[in-house]
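Beneath this line is the structure, given in structure tokens, with notes to follow.
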Amino acid sequence: MADPNDKVAGQPDGGWYVDSQCIDCDLCRETAPANFQRNDEAGYSYIFKQPETPEEEALCKDAKDNCPVEAIGTDG
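Under the working numbering, the first residue of the sequence shown is numbered 15, with each subsequent residue one higher.
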């Protein structure tokens, strides 16, 4: 389960986040490309835009549910 006290840097305020468990597998970026990006220097993915539509919310939930290391979290 993602730890809200271990969020990676560079994410906007909001309910969705990625923590330091991320292994940069690309699943979230493929599933919800409008919301996740890669930090090339540090080698992890992160939320760069909080979901704004029901469709984006559903895709982020799908990414969270399928994350192999449970690094995606939401406070919502």
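Where a beta carbon is used, it is the ideal one built from N, C-alpha and C, also for glycine.
For the 8 Å CB-CB criterion, Gln51 and Gly28 do not form a contact. For Thr88, the enclosing beta strand (DSSP E) has its first and last residue at 86 to 88. By the C-beta density criterion, Gly87 is buried, having at least 16 other C-beta atoms within 10 angstroms.
At a Cβ-Cβ threshold of 8 Å, Glu70 and Ala46 count as neighbours. In the DSSP annotation of this structure, the continuous segment of the beta strand (DSSP E) that includes Asn53 starts and ends at 50 to 53.
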